[in-house]
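Trainee:
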Amino acid sequence: SAVISQKPSRDICQRGTSLTIQCQVDSQVTMMFWYRQQPGQSLTLIATANQGSEATYESGFVIDKFPISRPNLTFSTLTVSNMSPEDSSIYLCSVDQGLGLGIYEQYFGPGTRLTVT
Amino acid sequence: GDSVTQMEGPVTLSEEAFLTINCTYTATGYPSLFWYVQYPGEGLQLLLKATKADDKGSNKGFEATYRKETTSFHLEKGSVQVSDSAVYFCALRPQGAQKLVFGQGTRLTINP
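Next up, the structure:
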């Protein structure tokens with residue numbers, strides 16, 4: 008399975024500031040995904056990032072608030088902009104690993120725990 | 002739209018008890034189904050999966066069977082251990098899609 012690392016692992020930020028989260032994979036992957044896990048809640052997909060093209064955002068998430076970069080096949084960043092306390096969450100990146108015959112498994116990074124004060 | 006519903010938590014059991022965590026789904030076509038586990042302070046780990054009807058996924062003593070007729074994928078383990086204490090998420094991958102749709106998670110605590 009793919010090994011995924013994220014930086015930072017946690018941060019405490021002031022409202023109104025921005026934080027950029029990095030995601031690094033140990034192999035080349037086509038698609039990378041960014042999820043949010045609000046306190047005590049399930050995971051919600053923010054966007055899908057494909058190398059060389061703009062990210063595709065899910066309903067309720069916009070590029071101005073969560074800009075994403077995907078400069079190559081092993082790396083992506085998610086920025087949480089103009090933060091408010093409601094942005095306090097765990098942010099996770101994930102990647103697909105194809106097993107053949109149209110079967111995929113999705114693996115997750117360890118997450119970035121963000122607290123906005 | 003596609004959705005996953007898990008049994009309400011938290012669930013508390015004694016060591017060596019039998020575990021069932023219910024999961025039902027709504028989806029068109031033939032989604033793939035997954036169970037993920039999140040241990041305290043850690044990220045999400047894939048526990049098991051099933052990609053077609055009647056498939057049984059299994060790992061670490063856990064198992065779940067893809068039941069198309071009841072749209073269910075219940076997680077079971079015959080004898081739980083304290084180390085199984087974690088949050089368990091049921092998820093589906095819609096047919097032809099890449100994103101995962103997660104249930105709300107079930108927190109499991111096993112007491113010695």
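Protein sequences appear in the order of chains A and B.
Residue numbers in the first sequence follow the numbering used here, run continuously in steps of one, and reach 124 at the last position.
Residue numbers in the second sequence follow the numbering used here, run continuously in steps of one, and reach 113 at the last position.
From the three backbone atoms N, C-alpha and C, an ideal C-beta is built for every residue, glycine too.
Computed from a predicted structure; not experimentally measured.
1) Under 8 Å, with one C-beta from each stretch per pair, do the region 30 to 45 of chain A and the region 79 to 93 of chain A reach the 3-pair mark?
2) Where S25(A) and I97(A) are concerned, what is the direct C-alpha to C-alpha distance, given to the nearest angstrom?
3) Just to confirm, is the Cβ distance from A56(A) to I70(A) under 8 Å?
4) So K50(B) contacts chain A; which residues on that side make the cut at Cβ distance below 9 Å?
5) Residues of chain B with CB under 7 Å from F40(A), in chain order?
6) Using 8 Å as the threshold, is the C-beta distance between V12(B) and V102(B) below it?
7) Report yes if the CB atom of P41(B) is closer than 8 Å to the CB atom of R94(B), and no otherwise.
8) Can you list the residues of chain A that Q82(B) reaches, using a CB-CB cut of under 7 Å?
9) Grouping DSSP H, G and I as helix and E and B as strand, with all else coil, what is S84(B)?
10) Pull the bridge partners of Y26(B) from the DSSP assignment, please.
11) Using a beta-carbon distance below 8 Å, is L109(B) in contact with chain A?
12) Shorter than 8 Å from the beta carbon of F10(B) to some beta carbon of chain A?
13) Can a CB atom of chain B be found closer than 8 Å to the CB of L50(A)?
14) Please classify A87(B): is it buried, with 16 or more other beta-carbons within 10 angstroms of its beta-carbon, or exposed?
15) Please name the residue in T52(B), T21(B), E43(B) and L76(B) whose C-alpha comes closest to that of Y111(A).
16) Give the residues of chain B in contact with L121(A), contact being defined as C-beta atoms less than 9 Å apart.
17) Would you tell me roughly how many angstroms separate the C-alpha atoms of Q21(A) and S95(A), rounded to the nearest one?
18) For L156(B), decide whether its Cβ has a neighbour in chain A, counting only Cβ atoms nearer than 8 Å.
19) Could you check where the beta strand (DSSP E) with L50(A) kicks off and where it finishes?
20) V81(B): buried (16+ other C-beta within 10 angstroms of its C-beta) or exposed?
21) Counting only C-beta atoms, is L26(A) closer than 8 Å to chain B at any point?
22) Ordered along the chain, which non-local residues of its own chain (more than five positions away) have a Cβ less than 6 Å from that of N23(B)?
23) Is there a Cβ of chain B sitting closer than 8 Å to that of P117(A), yes or no?
24) Throw me the rounded Cβ distance for the Q105(B) and G30(B) pair, which I believe falls under 8 Å.
Mentor: Put simply:
1) The region 30 to 45 of chain A is in contact with the region 79 to 93 of chain A.
2) 15 Å
3) Not a contact, by the Cβ cut-off of 8 Å.
4) I110 and E112, listed in chain order.
5) K100
6) no
7) no
8) Simply none; closest approach about 23 Å.
9) helix
10) V5(B)
11) no
12) The question names Phe, but residue 10(B) is Gly in the sequence shown. No - not a single Cβ of chain A is within 8 Å of the one on G10(B).
13) Contacts with chain B at 8 Å (Cβ-Cβ) include L50(A).
14) That one is buried.
15) Of the listed residues, the one whose Cα sits closest to Y111(A) is T52(B).
16) Going along chain B, no residue has its Cβ under 9 Å from L121(A), so there is no contact; the nearest lies around 14 Å.
17) 11 Å
18) With chain B covering only 2 through 113, there is no way to say anything about residue 156(B).
19) L50 to N57
20) Around the beta carbon of V81(B), 16 or more other beta carbons sit within 10 angstroms, so the residue counts as buried.
21) no
22) Only residues of its own chain outside the window of five on either side were considered, and among them M8 and H75 have a CB closer than 6 Å to the CB of N23(B), listed in chain order.
23) Chain B contact via Cβ: present.
24) Not quite, the Cβ-Cβ distance comes to about 23 Å (not below 8 Å), so this is no contact.
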